[in-house]
Structure formats: C-alpha cells, structure tokens
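Numbered according to UniProt numbering, the sequence shown spans residues 1 to 107.
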Amino acid sequence: MVLVRQEIGDVLRDFRLQKGRTLRQVAGDASVALGYLSEVERGQKEASSEILAAVADALGTPLSIIMSEVSGRLAVMEGIDRVTGDSVPDTVPADLVAGFDAGLVRR
1 MVLVRQEIGD VLRDFRLQKG RTLRQVAGDA SVALGYLSEV ERGQKEASSE
51 ILAAVADALG TPLSIIMSEV SGRLAVMEGI DRVTGDSVPD TVPADLVAGF
101 DAGLVRR
C-alpha cells in the first residue's frame, strides 16, 4: 500500500538535502517543532497544508513543485505514464519502469 505521507516526507527530505539545509534550519525557518518535522520527513506524521506551505517556503521551493514531485513518485509506483496517463504495460521490465522517471523513486 502506498502511503502518501511517506512520499511527502521523502520529497521534503530530498529537497532539504538538495538545498544543503539541516532539519533544524528548516524547522526554525518554518516555525515548526524540530521533532515534528522529523516525524513528517520519516512519514510518521501527516502535515497539514499550512505546515507543508511553511516548510516549502522555508525551503524556497513552491509547494506546487513539491506536490508535483510527490505526484510523480506516486504515478511511478502505480505504473502510470505521467505524460499520457496510461498504465505502463505489464510487459515492460520493472527496471525500465523504474528508470522512466529517474530520480523520482528511491530504490
């Protein structure tokens, strides 16, 4: 089963690391408790839209970009071609599907 909160957490962590920011820095800039943000990144807590917007702002990344990345990861896991919306045929090798959106799915 796909947990959206897990994917959101993974994406937030990936963006934070790409920006070279610590959890403490982002939590402080977003006015979010450090422990809470850590739990969100680990997929243990679901963040409200207000928290997500504050974290996105602290990362200097539009929330729409973060959610687009989440959507892309979910589409890959569901076997959906993001361009056409069609299902990826079962005859396509799994490693090729994984490479379809390279960098979107952590392996």
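Where a beta carbon is used, it is the ideal one built from N, C-alpha and C, also for glycine.
Item: Taking C-beta to C-beta, are L63 and A53 nearer than 9 Å?; Value: yes
Item: Quick check: the Cα distance between G9 and V40, rounded to an integer number of angstroms?; Value: 5 Å
Item: Measure the alpha-carbon distance for Q78 versus M1 and round it to whole angstroms.; Value: Correcting the residue identity first, residue 78 is Glu in this sequence and not Gln. So the alpha carbons of these two residues sit roughly 10 Å apart.
Item: Within the continuous alpha helix (DSSP H) that includes L3, where are the two ends?; Value: Run containing L3: none; DSSP gives neither H nor E here.
Item: Which residues in the same chain as E69 place their Cβ atom closer than 6 Å to its Cβ, once the five residues preceding and following it in sequence are excluded?; Value: V11
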